[in-house]
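Residues in the sequence shown are numbered from 1 upward in steps of one, following my numbering. Here a beta-carbon is modelled for each residue, glycine too, at the ideal position from N, C-alpha and C.
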Amino acid sequence: MQVKSRHHLRSDAVSDLEDTLTEQLGVTPDGDAYERVEFEDTDWEVILIDGEPQVAYFGDEPFLTVRGANAYEPDRRLVTVDTGAISFVSDGADVMRPGITAATDDISPGDLVVIAEETHGKVLAVGRARVEGSEMAGDEGKVVDSLHHVGDDLYEFTG
């Protein structure tokens, strides 16, 4: 991915970002340097926190990347999948009900969510919920659209 521009965030923008992530996910990023990176051939925008790509904009909404979620371990907007779903989710597949073992009740349709595996709690992907958190587990149907996953271009990007 070709970098188009990068610039440091002002302190008010850092505060707004931190407030949004605290409200959404119950995490507070902690860094000394916040840089916004825009790319040439993609809509991705990434926030580097101390040089690590920990936040990305999905549409106009900031949210943790897979790396960021693994660094800060959110306890909100969390979807947990079983071991049988790991390889599919890690490859960018949308999340289906049968693979879900748990989802937090704070999830609404359209929300960005983190998708973690049940054994170690490692985050595999970020997606957009199609249903309420309480309706995630079940027998059939797609319930989360995958937006970013382990191994994709955003995951591989290093500041």
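Residues of its chain near Gly138, where Cβ-Cβ distance is below 6 Å and the 5 sequence neighbours each way are ignored: Arg97
With 16 as the cutoff for other CB atoms within 10 Å, does His8 come out buried or exposed? exposed
Do Pro53 and Leu21 have their beta-carbon atoms positioned less than 9 Å apart in this structure? no
Are the region 60 to 79 and the region 119 to 126 touching, with three or more C-beta to C-beta distances below 8 Å? yes
Option nearest Ala46 by Cα separation, candidates Gly110, Pro74, Leu17 and Val131: For the record, residue 46 in the displayed sequence is Val; it is not Ala. Among Gly110, Pro74, Leu17 and Val131, the Cα nearest to that of Val46 belongs to Leu17.
Per DSSP, cross-strand counterpart(s) of Asp145: Arg128
To which residues of the same chain is Leu147 closer than 7 Å at the C-beta, ignoring the five residues directly before and after it? Phe58, Val126, Gly127 and Arg128
Can you give me the start and stop residues for the alpha helix (DSSP H) that Thr80 sits inside? Note, Thr80: premise wrong, no alpha helix (DSSP H); beta strand (DSSP E) at Leu78 to Val81.
Hey, is Gly127's beta-carbon within less than 9 Å of any beta-carbon in chain B? The structure shown contains no chain B; it is built from a single protein chain.
Which residues in the same chain have their Cβ closer than 8 Å to the Cβ of Gly122, if we skip the five residues on either side of it in sequence? A small fix is needed here, since residue 122 is Lys in this sequence, not Gly. Taken in chain order, the residues that qualify are Asn70 and Ala116.
Cβ of Val143 within 9 Å of Cβ of Val89? no
DSSP bridge partner residues for Val45 (one or two, in chain order): Note that residue 45 is Glu in the sequence shown, not Val. DSSP, once it has assigned bridges, lists Glu38 as partnering Glu45.
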